[in-house]
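Trainee: First to last, the protein sequences are chains U and G. Sequential numbering from 0 applies to the first sequence in numbering that gives the first Met the number 0. Sequential numbering from 0 applies to the second sequence in numbering that gives the first Met the number 0.
Protein chains: 2
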Amino acid sequence: MKINNPRRIVGSNAERTRLHNRQVVLGHVRERQPIGRAEIARISGLSTQAVSNIIAELEEDRLLIEAGRQSEGRGLPVLKYRLNADGAVALGIEVRPDAMFGALVNLEGETLFTTREALSDNAPSTVVSVARRIRASALEGRCGKAQRILGAGVVMPGPFGKVGISGAGQSALHGWEESDPVAVFEEALDMPVVVENDATAAAVAERVRGVATGLRTFCFLYFGAGLGLGVVAEGEVQRGAFGNAGEIGHVIVRPGGRLCACGNHGCLETYASRIAARSKLAGAGIEIGSASDIENLYKAGNAHLMEWIEEASGPLSQAVGLIENLFDPETVILGGAMPDAVLDHLIATLDLPGGSVAARAGRSTPRVQRGACGRLTAALGGAALVIHDTITPRIAAKT
Amino acid sequence: MKINNPRRIVGSNAERTRLHNRQVVLGHVRERQPIGRAEIARISGLSTQAVSNIIAELEEDRLLIEAGRQSEGRGLPVLKYRLNADGAVALGIEVRPDAMFGALVNLEGETLFTTREALSDNAPSTVVSVARRIRASALEGRCGKAQRILGAGVVMPGPFGKVGISGAGQSALHGWEESDPVAVFEEALDMPVVVENDATAAAVAERVRGVATGLRTFCFLYFGAGLGLGVVAEGEVQRGAFGNAGEIGHVIVRPGGRLCACGNHGCLETYASRIAARSKLAGAGIEIGSASDIENLYKAGNAHLMEWIEEASGPLSQAVGLIENLFDPETVILGGAMPDAVLDHLIATLDLPGGSVAARAGRSTPRVQRGACGRLTAALGGAALVIHDTITPRIAAKT
DNA sequence: CTTATTAATTCAACTAACTTGAATGTTCAA
DNA sequence: TTGAACATTCAAGTTAGTTGAATTAATAAG
């Protein structure tokens with residue numbers, strides 16, 4: 000399974016310039032809507048005329064709509080524009096070992112529909128047919144408005160390809176070793192597809208809709224099966240050379256510590272993850288299935304769960320410190336398949352190192368905060384990725 | 000001191016398109032020279048005509064030169080082009096607490112001149128006047144050929160701004176807290192200036208001239224005063240939101256371990272850095288000044304130095320593992336102010352975790368290798384940054 | 001109340017840079 | 001010797017941007 004299509008450095012021409020400028024305009028509208036042509040021209044460095052032409056085109060495509068005139072001091076009142084939330088939709092599909100989740104999201108990132116389908120196995124044929132079913136139910140009755148479908152974002156657990164930590168087993172999908180997921184899903188869903196890991200998708204979801212709105216450089220610590228890190232730097236999603244960046248779960252935080260499934264000792268994941276919580280509770284004879292089990296235990300003030308949080312705090316603080324020192328983000332977001340209350344408790348318990356480049360005077364954002372997208376964050380993130388792609392300017396093209 | 004100018008998302012027009020395409024062409028020539036128009040057109044996605052026009056312009060600017068016709072099978076023999084090494088130069092200036100280094104590099108990254116000037120203090124006025132002196136001696140006699148001077152890359156030790164680890168003290172410059180180094184140096188040197196930290200500069204140096212030629216995603220572990228990490232991802236230099244990404248020296252690898260100057264325990268820097276080596280040797284009554292002292296000790300097989308290498312190996316292996324898991328680079332390069340022999344020994348001693356996304360079948364590059372640019376790598380890197388900037392296409396513009 | 005000023009938007013002409021398709025060389029293979 | 005293959009150039013043609021003048025509508029000043 001290969002994810003990361005290398006980008007080729009390609010030249011630009013009039014057509015690609017227009018595509019880029021459309022994205023630039025959309026991006027600025029998204030950030031500052033409602034907004035008029037003149038202001039877009041000022042911040043984008045384009046002429047008002049160019050902006051005007053592009054807006055006309057985007058209005059034609061139903062991606063933008065007028066938002067009324069508004070007088071601001073002297074001069075002709077500004078004719079403002081905003082995103083047309085219902086002008087386009089994106090499909091998000093998350094593949095987990097045991098189930099798939101679907102989400103339909105509009106241009107504003109609002110969730111229109113979500114669903115869950117159990118998975119009997121992870122074979123590509125099974126996954127693909129469930130994906131088709133999700134597509135059908137998501138679009139059912141919603142296509143009449145002739146909404147544009149921008150594409151689908153498919154979220155699969157990493158790592159991708161055959162790598163040293165496949166022994167972790169619990170996260171990797173079986174039967175996908177030889178396939179090209181992008182091609183498979185594009186064929187099955189009949190629309191453009193991007194594939195990402197869960198942590199990255201979650202990060203993008205927060206950028207499109209959650210607490211990372213307006214941030215260009217931030218990290219998302221994602222509680223999935225293990226623990227993943229999604230990184231957005233200067234607005235660009237970081238994938239690494241082989242699509243496996245952000246595998247923070249197997250970073251060693253306690254040398255010689257607990258034995259991890261990957262064979263090493265002291266991996267972060269053996270302390271701060273659902274796996275860790277599960278094994279802690281299993282030791283006390285408590286089986287947890289879904290995340291709501293954890294929520295109930297937390298509400299009941301279960302001592303073993305509290306003890307786990309206690310134990311996770313140190314390694315997690317250390318992880319946040321290392322993220323800050325390596326990526327220098329505006330903020331670190333915690334989220335994923337863990338109840339909000341537990342995340343909040345974890346954040347409150349963190350003992351962040353003072354010696355970090357993030358311990359800075361005059362911060363405007365908290366060093367660590369909880370994600371706003373909740374538990375479906377990865378499926379939403381898949382869709383958000385598509386939205387993000389249509390709005391964020393790029394110049395390097397896929398091969 | 001603020002380094003990282005936020006990038007604004009700007010639109011493109013014919014002029015900016017041309018600028019971009021010039022960089023695209025230069026970049027492809029650099030990677031595959033000698034190369035003909037038709038091939039550039041194929042890989043860049045531009046028409047041959049467009050490439051032809053751009054090449055004519057670049058030849059006019061003396062950045063490219065013909066490299067003769069070469070027949071390859073049927074058809075008109077290709078008229079090949081290559082970079083004109085002497086067509087342009089870039090100045091690199093490294094500022095260390097006690098001295099400054101200068102380097103002049105041509106378009107091919109070849110070193111034309113290097114110098115060293117002692118520094119009495121770090122006040123901006125002192126640094127600036129030494130910088131002027133370096134500029135003068137570097138360009139003396141070399142400007143007659145009407146070579147274009149592309150600009151200067153100034154390398155300063157991070158972290159930038161007032162952050163939690165300023166207690167580390169040893170690396171930060173005094174007197175620069177309030178100034179804007181880019182503006183200061185542009186004024187003093189009368190040319191475009193970029194400012195970076197040493198690790199990043201070293202990484203770019205390896206990309207322009209050393210072992211990272213042709214790589215798009217890699218990391219550089221830099222032995223300076225402390226330990227820094229330079230990251231290049233998808234060809235883009237990673238700076239972080241505040242210009243302080245890559246502060247790996249203060250990542251905690253041995254919780255509760257040695258006390259670091261930053262106040263935390265177990266920082267990587269207390270094991271694997273010149274500071275660590277120095278304190279180890281000082282404990283044995285050996286004072287080291289320059290890096291060549293270390294080299295001599297190593298040649299002599301000094302037991303204390305060997306012991307330090309032994310002790311550094313574990314933390315360093317752990318650091319490489321975490322870099323691989325977080326950034327998923329094509330390779331990790333070791334270099335900086337440490338003798339080649341010691342670096343080689345360190346690399347040979349590494350015990351890399353098997354559980355890493357980098358433990359992959361069919362790797363073409365070694366997981367860890369020594370940098371090729373030697374000890375002046377940072378000053379060269381400053382110049383390389385400028386070369387890199389003229390060759391790497393960008394679309395986001397500085398504010 | 002009238003007039004001047006300010007600012008957003010549109011109109012019309014202009015321009016830069018890319019694309020396309022035909023023409024021109026050169027070399028290799030039949 | 002001839003034709004296929006390929007690089008390069010030539011000459012339009014096209015796209016999408018810029019520029020400067022004209023239009024419109026609001027506020028501020030007289």
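Beta carbons are placed, not taken as given, at the ideal position from N, Cα and C, and that holds for glycine.
1. Is any beta-carbon of chain G found at less than 9 Å from that of A311/U?
2. Buried or exposed: K298/U, going by 16 or more other Cβ atoms within 10 Å of its Cβ?
3. With a CB to CB cut of under 7 Å and the five nearest residues on each side skipped, what residues in its chain are close to P314/G?
4. Per the DSSP calculation, G150/U is bridged to which residue(s)?
5. Going by the CB atoms, is the gap between R95/U and P156/U shorter than 9 Å?
6. Taking 9 Å as the CB-CB limit, is A13/G close to chain U?
7. Where does K246/G land, buried or exposed, given buried means 16+ other C-beta within 10 angstroms?
8. So which of I53/U, L333/U and S70/U has the shortest CA-CA distance to I64/U?
9. Strictly below 8 Å CB to CB, what residues from chain U border L321/G?
10. DSSP has A98/U in a bridge; who is on the other side?
11. Secondary structure at G381/U, three-state DSSP: helix, strand or coil?
12. Interface residues of chain U around Q237/G at Cβ under 7 Å?
13. Go ahead and label S170/U buried or exposed: buried means 16 or more other beta carbons lie within 10 angstroms of its beta carbon, across all protein chains shown.
14. Kindly indicate the opening and closing residues of the beta strand (DSSP E) around G229/U.
15. Under the three-state reduction of DSSP, which class applies to Y221/U: helix, strand or coil?
16. With I133/G and E116/G assumed to form a contact (beta carbons below 8 Å), what rounded beta-carbon distance in angstroms separates them?
17. Should G213/U go down as buried or exposed, given a rule of 16 or more other Cβ atoms within 10 Å for buried?
18. Please state whether DSSP places H264/G in a helix, a strand or coil.
19. Given that a residue counts as buried once 16 or more other Cβ atoms are within 10 Å of its Cβ, and exposed if not, what is R399/G?
20. Going by alpha carbons, who is nearest to G31/U out of T348/U, E323/U and L82/U?
21. The region 321 to 335 of chain G: which residues have C-beta closer than 7 Å to a C-beta of chain U, in chain order?
22. Could you tell me whether any Cβ in chain G is nearer than 9 Å to the Cβ of G223/U?
23. Assuming A382/G and V129/G form a contact by the criterion Cβ under 8 Å, report the distance between their Cβ atoms to the nearest whole angstrom.
24. Return the Cβ separation of A290/U and A336/U in integer angstroms, given the expectation that the two are a contact with Cβ distance under 8 Å.
25. Hey, which unbroken runs of the alpha helix (DSSP H) at 4 residues or more fall wholly within the region 1 to 44 of chain U?
26. At the level of alpha carbons, what is the spacing between E294/U and E233/U?
27. What does DSSP give as the partner residues of G334/G in its beta bridges?
28. Classify Y270/U as helix, strand or coil using the three-state DSSP reduction.
29. Could you work out which residues of chain G lie near R366/U, taking near to mean beta carbons separated by less than 8 Å?
30. If we define contact as Cβ-Cβ less than 9 Å, is E246/G a contact residue for chain U?
31. Straight-line CA distance for K279/G to R369/G?
32. Run through the DSSP bridge pairs and tell me what E195/G is partnered with.
33. Quick one: does N196/U have its CB under 9 Å from some CB of chain G?
34. Which of the three DSSP states, helix, strand or coil, is assigned to G166/G?
35. Alpha helix (DSSP H) containing V367/G: first to last residue?
36. Across which residues does DSSP place F326/G in a beta bridge pair?
Mentor: Let me spell this out:
1. Chain G, which has no Cβ nearer than 9 Å to the Cβ of A311/U, makes this no.
2. With fewer than 16 other beta carbons inside 10 angstroms of its own, K298/U counts as exposed.
3. For P314/G, where only same-chain residues beyond five positions count, the Cβ hits under 7 Å are V252, R253, L267, Y270 and A271.
4. G150/U has A89/U as its beta-bridge partners, per DSSP.
5. Result yes, Cβ atoms of P156/U and R95/U sit closer than 9 Å.
6. Proximity of A13/G to chain U, defined by a Cβ-Cβ separation below 9 Å, is satisfied.
7. Checking the displayed sequence, the identity of residue 246/G turns out to be Glu instead of Lys. Taking all protein chains shown into account, E246/G has 16 or more neighbouring C-beta atoms within 10 Å of its C-beta and is therefore buried.
8. Checked all of I53/U, L333/U and S70/U; the closest Cα to I64/U is I53/U.
9. Correct list: V250, I251 and L321.
10. Among the bridge pairs identified by DSSP, A98/U is matched with A117/U.
11. Reduced to three states, the DSSP call for G381/U is helix.
12. What Q237/G touches in chain U: A232.
13. Here S170/U scores only 48 on pLDDT, less than 50, and its place in the model is too uncertain to base an answer on.
14. G229/U -> beta strand (DSSP E) spans L226 to A232.
15. Looking at Y221/U - three-state DSSP - the assignment turns out to be strand.
16. At roughly 6 Å, the Cβ-Cβ gap stays under 8 Å, so I133/G and E116/G are in contact.
17. When all chains shown are included, G213/U counts as exposed.
18. Note: H264/G maps to strand in three-state DSSP.
19. Given a span of 0 to 398 for chain G in the structure shown, any question on residue 399/G remains unanswerable.
20. Looking at the sequence shown, residue 31/U is not Gly but Arg. Minimum Cα distance to R31/U is reached at L82/U.
21. If the cut-off is 7 Å between Cβ atoms, the region 321 to 335 of chain G has L321, N324, L325, F326, D327, P328 and E329 near chain U.
22. Chain G has no Cβ within less than 9 Å of the Cβ of G223/U.
23. Separation of the CB atoms of A382/G and V129/G is rounded to 17 Å, and the pair is thereby denied contact status at 8 Å.
24. Contact holds; Cβ gap of about 5 Å.
25. Runs found: 13 to 31 and 36 to 43.
26. Straight-line measurement puts the Cα of E233/U at about 35 Å from the Cα of E294/U.
27. For G334/G, which the question treats as bridged, DSSP gives the partners Y221/G.
28. If DSSP states are grouped into helix, strand and coil, Y270/U belongs with coil.
29. Chain-ordered listing is empty here: chain G has no CB closer than 8 Å to the CB of R366/U, the nearest sitting near 11 Å.
30. Chain U, which has a Cβ nearer than 9 Å to the Cβ of E246/G, makes this yes.
31. Going from the Cα of K279/G to the Cα of R369/G covers about 23 Å.
32. The partner list for E195/G (beta bridge, DSSP) reads V154/G.
33. For N196/U, the closest Cβ of chain G is not nearer than 9 Å.
34. In this prediction, G166/G has a pLDDT of 44, which is less than 50 and means its spatial position is unreliable; nothing more can be read from the coordinates.
35. Element bounds for V367/G: not the alpha helix (DSSP H) but the beta strand (DSSP E), V367 to R369.
36. Per DSSP, none; premise fails for F326/G.
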